[in-house]
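For the sequence shown, the UniProt record's numbering assigns the number 668 to the last residue and increments by one with no breaks.
Virtual Cβ for every residue (Gly too), placed ideally from N, Cα, C.
One structure below.
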Amino acid sequence: VKDRGGSAISALTSDDHERLSRKAHIEKRLIYALDRKDLQLLYQPQVNLENGKVERVEALVRWTDSEIGVITPDELIPIAEENGLINEIGSFVVETVCRQLKDWKSKGIDLQISINSSIHEFRDKDMAKMLLEQLKINDCQASSLMIEITEKFALEAEAERSIMTQMKSLHQEGISFALDDFGTGYASFRYMLMLPISSIKIDQMIIQSITKQEKIQKLINGMIQFGKSLDFQVTAEGVETNEQFELLRAMGCDSLQGYIIGHPMNATELEKWLG
Ligand code: C2E
Ligand code: CA
Ligand code: CA
Ligand code: CA
394 VKDRGGSAIS
404 ALTSDDHERL
414 SRKAHIEKRL
424 IYALDRKDLQ
434 LLYQPQVNLE
444 NGKVERVEAL
454 VRWTDSEIGV
464 ITPDELIPIA
474 EENGLINEIG
484 SFVVETVCRQ
494 LKDWKSKGID
504 LQISINSSIH
514 EFRDKDMAKM
524 LLEQLKINDC
534 QASSLMIEIT
544 EKFALEAEAE
554 RSIMTQMKSL
564 HQEGISFALD
574 DFGTGYASFR
584 YMLMLPISSI
594 KIDQMIIQSI
604 TKQEKIQKLI
614 NGMIQFGKSL
624 DFQVTAEGVE
634 TNEQFELLRA
644 MGCDSLQGYI
654 IGHPMNATEL
664 EKWLG
């Protein structure tokens, strides 16, 4: 962005300029990267505490651009949500994951993959169609897919209705949904009741403070019991220490995810890790 003086632009600080031009650069390079499908997915294992097995992995997007370098999801996703490229990232993720499911199936590896999706992606009517198409092309069962949804903003009534319709039809096909970042998002309770959600994922910010205060332990325990009493599967994310692991197990958490179990890995690394 050039400062032409006199315009509103001149009110921006040089920090603003830097941020804007980085954003513009990211947008430009993202279009190019998506065109060439030049993003990667890593898979992070989740342990089912009932049987000690890894039955599900979460797909997490990674992008290293040759000009910009590493762009973390925390920077990438909000930009993509703003400019609408999130739907193309979503398509890339779905395609890659379905192909991965097919590949693992041929190798006798039976895993469910969960993908991340902003609830806004379901505003696009093509999302559900594309998902079911990709599953079909790759001969995958819908039950092999879970979708973790997050919500940072309030939805208008109309958007809410169309999102609900799409999610319900996917749920009927056998896809399961989890409410991500539980304890931090917007209107979580409302979505728990309204949408076809079977799991909640307690956010890592909450999990990582578990050992600090008795009050926080009680809060997390309350969240777990609350979720279970409504028949949700409860997963804790960001579990880093043995102490956290043991506390969450004792509280009856259904599954755990975090560095103490395994870092996000590419498909080959994960296959080795599984042994
Ligand atoms: P999230 O869904 O809450 O994912 C968990 C994040 O915590 C991931 O960060 C993961 O790498 C990291 N993590 C996992 N275990 C640990 C741990 O033990 N300790 C700590 N400190 N961190 C841990 P990541 O991969 O950077 O992703 C950040 C966020 O970006 C995700 O948060 C998710 O909301 C979003 N995201 C990632 N991939 C996608 C995607 O394909 N589509 C969409 N829409 N969002 C995505
Ligand atoms: Ca997630
Ligand atoms: Ca989270
Ligand atoms: Ca998140």
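State the DSSP-derived secondary structure class of residue i, mapped to helix, strand or coil.
| i | result |
| --- | --- |
| aspartate 428 | helix |
| valine 440 | strand |
| threonine 628 | strand |
| threonine 661 | helix |
| threonine 457 | strand |
| aspartate 409 | helix |
Say the cut is 7 Å; is the CB of residue i nearer than that to a heavy atom of ligand 2?
| i | result |
| --- | --- |
| asparagine 444 | no |
| glutamate 514 | no |
| glutamate 451 | yes |
| glutamate 541 | yes |
Apply the 10 Å Cβ neighbour rule to residue i and answer buried if 16 or more other Cβ atoms are within range, or exposed otherwise.
| i | result |
| --- | --- |
| isoleucine 429 | Here the sequence assigns arginine to residue 429, which means isoleucine is not the residue at that position. Answer is exposed; the Cβ neighbour count stays below 16. |
| asparagine 509 | buried |
| isoleucine 424 | exposed |
| tyrosine 652 | exposed |
| methionine 520 | buried |
| glutamate 639 | exposed |
| tryptophan 497 | buried |
| residue 383 | Beyond the ends of the chain as shown, which are 394 and 668, falls residue 383; an answer cannot be given. |
Quick one: is the Cβ of residue i within less than 7 Å of any heavy atom of ligand 1?
| i | result |
| --- | --- |
| aspartate 574 | yes |
| glutamine 650 | yes |
| valine 632 | yes |
With the cut-off set at 8 Å, would you say residue i and residue j are in Cβ contact?
| i | j | result |
| --- | --- | --- |
| glutamine 597 | glutamate 630 | yes |
| glutamine 650 | glutamine 439 | yes |
| leucine 623 | glutamate 566 | no |
| methionine 539 | serine 562 | no |
| valine 486 | glutamine 527 | no |
| isoleucine 479 | serine 511 | yes |
| glutamine 505 | glutamate 448 | yes |
| arginine 455 | glutamine 433 | yes |
| histidine 418 | isoleucine 470 | no |
| serine 648 | leucine 442 | yes |
| aspartate 573 | threonine 604 | no |
| isoleucine 617 | methionine 644 | yes |
| alanine 571 | lysine 545 | no |
Closer than 7 Å to a non-hydrogen atom of ligand 3 - does that hold for the CB of residue i?
| i | result |
| --- | --- |
| aspartate 596 | yes |
State yes or no: is the C-beta of residue i nearer than 7 Å to some heavy atom of ligand 5?
| i | result |
| --- | --- |
| glutamine 433 | In the structure on display, ligand 5 does not appear, and the ligands it does have are ligand 1, ligand 2, ligand 3 and ligand 4. |
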